[in-house]
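Residue numbers (this note's numbering): 4 to 132.
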């Protein structure tokens with residue numbers, strides 16, 4: 004009987020092909036983070052994924068989630084600050100001045116001079132201006 008012909012493939016020379024043309028990002032991970040990633044891999048339906056692929060999936064999941072904007076401050080603090088400022092200004096303002104003049108002075112002290120109100124960066128612009 005004659006020998007059958009064997010087809011042997013030659014090994015390719017050089018480095019194996021990369022996974023794609025992207026920017027490589029190197030990162031050092033703490034053991035607790037690696038343990039959490041490994042636990043996520045163990046709980047995922049595809050148990051044969053690599054850490055790199057798992058990290059890519061986790062980043063994609065994190066970027067897909069929309070978080071609501073956090074409020075800047077507590078709603079009651081603004082009113083409380085206005086009350087405290089009014090009390091402090093009332094102590095400073097001349098009690099002999101007429102009420103209209105006192106209100107105008109109080110407004111000028113809390114909001115600033117009209118020349119500078121437009122240039123203030125700590126306050127948001129009013130709609131329509």
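Every residue gets a Cβ at the ideal spot worked out from N, C-alpha and C, and that includes glycine.
Checklist entry - Using 8 Å as the threshold, is the segment 107 to 116 in touch with the segment 86 to 96, meaning 3 or more CB pairs across them? => result yes
Checklist entry - Is residue 75 buried or exposed, if buried means 16 or more other CB atoms sit within 10 Å of its CB? => result exposed
Item to check | Endpoints, alpha helix (DSSP H) assigned at residue 25 | outcome: In this chain, residue 25 is not harboured by any alpha helix (DSSP H), its DSSP state being neither H nor E.
Next on the checklist: Could you compute how far the alpha carbon of residue 66 sits from the alpha carbon of residue 19?
Outcome noted: 31 Å
Checklist entry - Which residues bound the alpha helix (DSSP H) around residue 45? => result 34 to 46
Item to check | Segment limits, alpha helix (DSSP H) that includes residue 79 | outcome: Element bounds for residue 79: 78 to 95.
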